[in-house]
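J.: First residue of the sequence shown: 584, per the working numbering; consecutive thereafter. Mind looking over this structure? Questions follow.
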Amino acid sequence: MRQTAGLLTDMMTLARLHAALDSVVEARELIATIHETSPTPKPALEHVGALFDEARELLRALLTPPERRQAVGTSRS
Numbered sequence: 584m585r586q587t588a589g590l591l592t593d594m595m596t597l598a599r600l601h602a603a604l605d606s607v608v609e610a611r612e613l614i615a616t617i618h619e620t621s622p623t624p625k626p627a628l629e630h631v632g633a634l635f636d637e638a639r640e641l642l643r644a645l646l647t648p649p650e651r652r653q654a655v656g657t658s659r660s
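Structural data, given as structure tokens:
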């Protein structure tokens with residue numbers, strides 16, 4: 584019973600992480616669209632976009648199986 588509860592909690596956590604990743608990706612696309620259609624460059628939009636990129640990478644790292652994880656921020660081959 585306890586093992587089933589743990590598995591259910593893990594599945595709920597994974598679902599929440601996937602939903603968060605989807606939201607971050609959608610928000611990043613919106614920021615990119617606003618930035619591209621803006622008549623003048625907006626440094627704040629670039630900064631916010633970079634923050635969303637970082638959040639996306641952190642969520643992806645959390646969703647990667649532990650044996651396949653790399654340290655976040657390292658270069659990928």
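Each residue gets a CB set at the ideal place from its N, CA and C atoms; glycine is no exception.
With Glu-612 as the anchor, note down where its alpha helix (DSSP H) starts and where it stops.
T.: Looking at the DSSP string, the run of the alpha helix (DSSP H) that includes Glu-612 is 585 to 620.
J.: Please confirm whether His-601 and Leu-646 have their CB atoms less than 8 Å apart.
T.: Yes, they are a contact pair.
J.: Taking the CB atoms as reference points, tell me whether Ala-610 and Phe-635 lie closer together than 8 Å.
T.: yes
J.: Less than 8 Å between the C-beta atoms of Val-607 and Ala-638, yes or no?
T.: Yes, the Cβ-Cβ distance between Val-607 and Ala-638 is below 8 Å.
J.: Does the distance from the C-beta atom of Ala-644 to that of Gly-632 stay below 8 Å?
T.: At a Cβ-Cβ threshold of 8 Å, Ala-644 and Gly-632 do not count as neighbours.
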